[in-house]
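Worksheet for the structure shown next.
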Amino acid sequence: MSKPGTQGLVRLPVWRARFVATALVAAFAALAARSAYLQTVRTDFLQEKGEARYSRVIEVPATRGRILDRNGEALAVSTPVKSIWALPGDVEFGAGQKRKLASLLGMEPKDIDKRLADRSRDFVYLKRQVSPEVADDVAALGLKGIHQQREYRRYYPGGEVTAHVVGFTGVDDAGQEGVELAYQASLGGKPGSRRVIKDRLGRIVEDVESIRAGQDGTDLTLSIDGKIQSLAYGALKAAVEENRAKAGGLIVIDVRTGEILALANYPSFNPNNRARLTGAQLRNRVITDLFEPGSTLKPFTVALALESGKVTPSTAISTAPGSMTIAHYTIHDTHPAAWLSLSQVIQKSSNVGAAKVALAMPSAAMWGMFQSVGFGEVPQLDFPGAAAGKLRPYKSWRPIEQATMAYGHGISVSLLQLARAYTVFARDGELVPLTLVKTGTEAAGEKVLSASSARAVRTMLELAVQPGGTGPRARIMGWRVAGKTGTAHKQENGAYAPDKYLASFAGFAPASAPRLVVAVMIDEPSAGQYYGGAVAAPVFAQVMQGALRLLGVPYDAPLVPIESPGAGEDAREST
Amino acid sequence: MAKLNLLLLAVLVACAIGLVTSQHRARKLFSDLEREQARARALDVEYGQLQLEASTWALHARVESIAVRKLGLHAPDPRRVRIVRPAEAQ
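And the structure:
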């Protein structure tokens, strides 16, 4: 092999070295430029893309607060369930798998076909709110195009007993009725979301930022006492069924705190299964329905008369001959008497007596009395649909109207308003604000009547439940009871129906130091008996006795058995 | 000069490794925390379900019917009940 001459080094052309050097510089310059471009101009886009590989925004769902009774027992609890949904375009499964899925979801295979028929849709619910166990089984089938979504379902362990108070939520977990609706804002909570970094295995390894702070709903403790509520519902249901009545309502109020301890309606419904609901079942009659209260309003007329100072409980009032005619309209008494004392007007529930007392007073004063105890005004209670009642302005009253209003006709109230108004007599003249939320503290009342008048009416109301009064069936062993019966003709198409009644009873106990007000209303009793003293008073007695026993209220009467009165003879009254 | 540079390099590397390890440990702890929080939520859900179950079993109507029918209990006659006030009990 011949060696090239080493003497004379081969001189490469200079341009070649320069070319390489230039090329290298140019390449570096291009890299630097690209890098500068990426680092400055495109940096936001690239960082975003990079983050998208590991950072995720996750929703933080808010759980709805529980509703509890005053003793901490659950009345409404949310628990997670799954909804099964599908992407019709993606679904692929064989007939066997379809059958399995259908049987897990409790559906027919052809129902599934029907739901998936429109393949252009992006989202179809197959079944909402299935239990987590079923959802796990469905997931185990590993079907393509079938997905799950976490939701909450509300359960009401109290069922029909507390249905009207608690209300219910819709499928989207928002309150629709009752307390669930009234306290939606605090119960509902706010779902939040946050940005996190997830690792390869999907575990969250770092919190980047909180986009929206979520907040779980707060628990709500109601004033309702589960035991008294259950007792009240049971007694009311039995009475409505026994008297073949259309409906009934009952309310128990703690006189000292203004808390509603029980509020029952019948007919009721099961809030856990609302497939077939009617408006009649759904209505919270105690709060939203108005009725002409009848004789249960007489004590207010009498209280006003006492307050005016013109009469005393023993003032005699001429009620002969047991009827009275004002402008072609005649008022009747069931027990005609020539003279009755003011006390006896209440005790015997005399319409003529009450009308005469009322006509002796200016209409403005009577209107003022009714208004001051809360009639004709929406009660200050956080509950949807609370009714105001009807109390017409006194300037448009005719004498006959003033006379009938004295015994509770021509004015309409809700049972809630009636019960609240009775706290005036139970609290020495103070009207107490009501609440459905547990307070546990003495409520400040509003003075509307002097203590002496309130006490005088209390004594009269105690007489009304003694033998000789209209409500002896309201008595209970161990405690002194005070209260008033009411039997009102129902209005139908603007006239009073002769054979449709509304029996009511409102009262309180123990009379020596009142603790509870209970008001009962039975709508259209049609099994023979229809007087308040015969239909509503026994329910009052049953609930009052049970509630006083449950609360451990000391006895204030000798423990002698109550002899039952004759077959309703004494209990008769016309309104 | 070269020695100082080498020393600084070593310090830099040590710091870098320290940063990586602490970041790793932080993430590990965070994921533990996250897991425990998920467990707490699951327990809360279970508590709700148990509360629900307890309420269903303790339904007053159910308790009453068992007390009356199965156990033959009844409310005592008021005459056989004595109410003791706390002041008297002491």
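From first to last, the protein sequence lines are chains A and B.
Each residue of the first sequence is one higher than the last, beginning at 4 in our numbering.
Each residue of the second sequence is one higher than the last, beginning at 14 in our numbering.
C-beta atoms are modelled at their ideal positions from N, C-alpha and C, and glycine is treated no differently.
As the structure is a prediction and not an experimental result, all values here were calculated from the model.
For this session: Could you pull the start and end residues of the beta strand (DSSP E) that Tyr236 (chain A) belongs to?
Result: Note, Tyr236 (chain A): premise wrong, no beta strand (DSSP E); alpha helix (DSSP H) at 229-245.
Exercise. In chain order, what residues of the same chain have a beta carbon less than 8 Å from the beta carbon of Gly571 (chain A), not counting five sequence neighbours either side?
Worked result: Its pLDDT being 46, under 50, Gly571 (chain A) is placed unreliably by the model, and nothing is read from it.
For this session: Using 10 angstroms around the beta-carbon of Tyr425 (chain A), count the other beta-carbons present and answer buried if the total reaches 16, otherwise exposed.
Result: buried
For this session: Compute the Euclidean distance between the alpha carbons of Arg21 (chain A) and Cys28 (chain B), then round it to the nearest angstrom.
Result: 43 Å
Exercise. Tyr504 (chain A): buried (16+ other C-beta within 10 angstroms of its C-beta) or exposed?
Worked result: buried
For this session: Buried or exposed for His335 (chain A), please, with buried defined as at least 16 other CB atoms from any protein chain shown within 10 angstroms of its CB.
Result: exposed
For this session: Could you name the residues that DSSP lists as bridge partners for Lys85 (chain A)?
Result: A:Val133, A:Arg153
Exercise. Any idea what DSSP makes of Lys313 (chain A), helix, strand or coil?
Worked result: coil
Problem set entry | CB contact check: Ile207 (chain A) to chain B, cutoff 8 Å | yes
For this session: Count the other CB atoms, across all protein chains shown, that sit within 10 Å of the CB of Asp257 (chain A); report buried if there are 16 or more and exposed otherwise.
Result: buried
Exercise. What number of angstroms, rounded off, separates the C-alpha of Pro541 (chain A) from the C-alpha of Ala65 (chain A)?
Worked result: 46 Å
Exercise. Can you find a C-beta in chain B that's less than 8 Å from the C-beta of Gly237 (chain A)?
Worked result: yes
For this session: Give a yes or no on whether the minimum CB-CB distance between His87 (chain B) and chain A is below 8 Å.
Result: no
Exercise. Who are the Cβ neighbours of Leu293 (chain A) in its own chain at under 8 Å, not counting the five residues just before and after it?
Worked result: Ala390, Gly392, Lys393, Ser415, Val416, Ser417
For this session: Could you name each continuous alpha helix (DSSP H) segment of 4 residues or more that falls completely within the segment 184-215 of chain A, going from the start of the chain to the end?
Result: 187-191
Problem set entry | Distance between Leu41 (chain A) and Ser5 (chain A) (C-alpha atoms, nearest Å) | Its pLDDT being 49, under 50, Ser5 (chain A) is placed unreliably in this model, and the value from its coordinates should be taken loosely. Roughly 55 Å between the two C-alpha positions.
Problem set entry | Chain-ordered chain A contacts of Val47 (chain B) [CB-CB under 9 Å] | The amino acid at residue 47 (chain B) is misidentified as Val; the sequence shows Glu. Simply Val199, Arg206, Ile207, Val208, Asp210.
Exercise. Name the chain A residues whose beta carbon is nearer than 8 Å to that of Thr69 (chain B)?
Worked result: Pro160
For this session: May I have the straight-line CA-CA distance separating Gln218 (chain A) from Gln50 (chain B), to the nearest angstrom?
Result: 15 Å
Problem set entry | Cut-off 6 Å between Cβ atoms - residues of its own chain near Pro274 (chain A), not counting five sequence neighbours on either side | Tyr159, Ala166, Phe171
For this session: State the DSSP-derived secondary structure class of Glu295 (chain A), mapped to helix, strand or coil.
Result: coil
Exercise. Between which two residues does the beta strand (DSSP E) carrying Gln218 (chain A) extend?
Worked result: Segment: none, Gln218 (chain A) is in no beta strand (DSSP E) and carries neither H nor E.
Exercise. Hey, does Ala226 (chain A) have any beta-carbon neighbour from chain B nearer than 8 Å?
Worked result: According to the sequence displayed, residue 226 (chain A) carries Ser and not Ala. Output row for Ser226 (chain A): interface = no.
Problem set entry | Contacts of Met480 (chain A) in chain B (Cβ-Cβ under 7 Å) | Pro91
Exercise. Chain B beta carbons: is any one of them nearer than 8 Å to that of Val80 (chain A)?
Worked result: yes
For this session: List the DSSP bridge partners of Gly536 (chain A).
Result: The partner list for Gly536 (chain A) (beta bridge, DSSP) is empty, contrary to what the question assumes.
Exercise. On the three-state DSSP scale, how would you describe Tyr410 (chain A)?
Worked result: coil
Problem set entry | Min CB distance Arg52 (chain B) to chain A below 8 Å | no
Problem set entry | Of the residues A:Gly510, A:Ala516, A:Gly297, A:Gly497, the one placed nearest Ala522 (chain A), counting alpha carbons only | A:Gly510
For this session: Answer with buried or exposed for Trp370 (chain A), where buried requires no fewer than 16 other C-beta atoms within 10 angstroms of its C-beta.
Result: buried
Exercise. How is Glu572 (chain A) classed by DSSP in three states: helix, strand or coil?
Worked result: A caution first: Glu572 (chain A) carries a pLDDT of 48, below 50, which makes its placement in the model too unreliable to give a value.
Exercise. Taking 8 Å as the CB-CB limit, is Ala100 (chain B) close to chain A?
Worked result: no
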